[in-house]
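One structure is given below, encoded as structure tokens.
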Amino acid sequence: MAASKLFVLIAALVCCSTLVRLSRGGGVGGGGGGGQRAQNYTSMFSFGDSLTDTGNLAVSSPLSFSIIGRFPYGMTYFHRPTGRCSDGRLVVDFLAQAFGLPLLQPYLSRGKDIRQGVNFAVGGATAMDPPFFEEIGASDKLWTNLSLSVQLGWFEQLKPSLCSSPKDCKEFFSKSLFLVGEIGGNDYNYAFFKGKSLDNAKSYVPTVAGAVADATERLIKAGAMHLVVPGNLPMGCSSAYLTLHPSSNKSDYDSTGCLKTYNDFAQHHNAVLQQKLQVLRRRYPQARIMYDDYYGATMSFAQNPKQFGFRHGALRTCCGGGGPYNFNPKASCGVRGSSVCNDPAAYANWDGVHLTEAGYHAISNSILNGPYTSPRLL
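As numbered in this note's numbering, residues 892 to 1269 make up the sequence shown, in order.
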């Protein structure tokens, strides 16, 4: 891959993404939020990458902010760039609004009032720490060193400000919702950027999925009772991957137009992650560990995009620089040569690797209402 193309892809990817959608039914309002509440959560804490980051990468990395900190990012809801990799709100925003909570503050630019929640997610973050990437020869591809373990460290540092004793913490966190991911997709992205084969990357899966499960367990030990752990997205449906890894063999694509081998890889990761979460459920029966099937939700949407309001299909971006999927590494969203669509709500895909607010709204409905969350959140 040419160096310029690689840089732009990593810059756009500031974390793993693809097209994800789910039912646009009730649950999360398209305006201020709302929706049914079976559990009265009083706070929310989130960890992950650019699917969840509401500003931490922008604060920690001026280079990344030069990409996501310009129009048209943020055009739909906030009407200004906020550090979110979308035109508007993310899943974490919709979930907060659904439970009557304020939008979560990024940890690195938080105010004094943190008792209703904080967002620790960082765009480009990985489940594994930098030494792992040094070992596989991919450390030069890392967009940030603020991995999942660093985010957990931030949480531990903040914890004394939230509760003062084990009993107090147990009470406080019993009413909190924890969103652990999506995280792990970048671990594989960086490996692929370095030229690792699918077989090489597959050997990393137990370690990467294990890191996500270990983080979940660490939060449970800290007092978390309600945790949503999403699986990886089908990277074979990513406009970036489809553009940068085209095939002349039609059999390499499924009926939706996604690359089979990369989707098979994502499914393998998700299967291993679910096995590890099941072990945690047996070990901690008092905790509600909910797996959110982003993969299944995406494929449901990819097969019937217009049924869910995405008139331009599942694979074409709203903001991009042309080509079959409107994704051009030399003219990514916000860069000269790119253009933005008039109606982002008619697209699931925002910039080739991240979703529109409409796409994230669909995911939040899946988390709240199923059928892609097990056990159900509501």
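Even for Gly, the Cβ is constructed at its ideal location relative to N, Cα and C.
As the structure is a computational prediction, the values presented were derived from the model and not from experiment.
Given the structure, does A1106 come close to the ligand ADP, in the sense that its CB is under 7 angstroms from one of the ligand's heavy atoms?
Absent from the structure shown: the ligand ADP. Ligands present: none.
Please state if the CB of I1254 and the CB of V982 are separated by a distance shorter than 8 angstroms.
Position 91 of the sequence shown, counted from the start, is the residue given in the question as residue 982. Position 363 of the sequence shown, counted from the start, is the residue given in the question as residue 1254. Using a Cβ distance threshold of 8 angstroms, V982 and I1254 count as a contacting pair.
Reduced DSSP secondary structure (H/G/I, E/B, other) of G1008:
Taking the sequence shown and counting its residues from 1, one reaches residue 1008 at position 117. Strand at G1008.
If distances are taken between C-alpha atoms only, which option among C1209, T943, F1201 and R1179 comes closest to L1269?
Position 378 of the sequence shown, counted from the first residue, corresponds to residue 1269. Checked all of C1209, T943, F1201 and R1179; the closest Cα to L1269 is R1179.
How is the alpha helix (DSSP H) around Y1185 delimited, first residue to last?
Locating residue 1185 in the sequence shown gives position 294, where the first residue counts as 1. Taken as a continuous stretch (DSSP letters only), the alpha helix (DSSP H) holding Y1185 covers Y1185 to Q1194.
Taking only the alpha-carbon atoms, compute the straight-line gap between V919 and D984 and give it to the nearest angstrom.
Start at 1 with the first residue of the sequence shown, and residue 919 comes out as number 28. Start at 1 with the first residue of the sequence shown, and residue 984 comes out as number 93. For V919, the predicted model reports a pLDDT of 49, less than 50, meaning its position is unreliable and no value from the coordinates is stated.
Closer than 8 angstroms is the cut-off here; do at least three beta carbon pairs connect the stretch 1177-1191 with the stretch 1108-1118?
yes
Let me know if P1022 comes out buried or exposed under the rule of 16 or more other beta-carbons within 10 Å of its beta-carbon.
If you number the sequence shown from 1, residue 1022 lands on position 131. P1022 is exposed by the Cβ-count criterion.
Nearest-angstrom beta carbon gap, P1235 and T852 [assumed within contact, 8 angstroms]:
Missing from the structure shown is residue 852; the chain here goes from 892 to 1269 and no further.
For M1181, three-class secondary structure by DSSP:
For the purposes of this step, residue 1181 is identified with residue 290 of the sequence shown, where counting begins at 1. Strand.
Determine whether the beta carbon atoms of L1150 and G1122 lie at a separation below 8 angstroms.
Here residue 1150 corresponds to residue number 259 of the sequence shown, with the count starting at 1. Here residue 1122 corresponds to residue number 231 of the sequence shown, with the count starting at 1. No. Outside cutoff.
Own chain partners of V950 with C-beta closer than 7 angstroms, once the 5 adjacent residues on each side are dropped:
For this step, residue 950 is matched to residue 59 along the sequence shown. Same-chain partners within the cutoff: P997, L999 and S1000.
Over the uninterrupted alpha helix (DSSP H) stretch that includes F1023, give me the two end residues.
The residue given as residue 1023 occupies position 132 in the sequence shown. First-last of the alpha helix (DSSP H) with F1023: P1021 to E1026.
Does the stretch 1129-1136 come close enough to the stretch 1061-1068 to have 3 or more Cβ pairs within less than 8 angstroms?
no
Strictly by DSSP, which residues pair up with M966?
Residue numbering aside, residue 966 sits at position 75 when the sequence shown is read from its first letter. None; M966 has no bridge partner.
Compute the distance between the beta-carbons of G1076 and L1124, then report whether it is under 8 angstroms.
On the sequence shown, position 185 is the one that residue 1076 refers to. On the sequence shown, position 233 is the one that residue 1124 refers to. Closer than 8 angstroms, so yes.
Kindly indicate which three-state DSSP category T1208 falls into: helix, strand or coil?
One-based indexing of the sequence shown puts residue 1208 at position 317. If DSSP states are grouped into helix, strand and coil, T1208 belongs with the strands.
Beta-carbon proximity list for R1207, same chain, < 6 angstroms, skipping 5 on both sides:
Reading the sequence shown from its first residue, position 316 is the one you call residue 1207. Cβ neighbours of R1207 within its own chain (closer than 6 angstroms, five residues either side excluded): Y1216 and N1217.
Enclosing beta strand (DSSP E) for V1119 [first to last residue]
If you number the sequence shown from 1, residue 1119 lands on position 228. Note, V1119: beta strand (DSSP E), H1117 to P1121.
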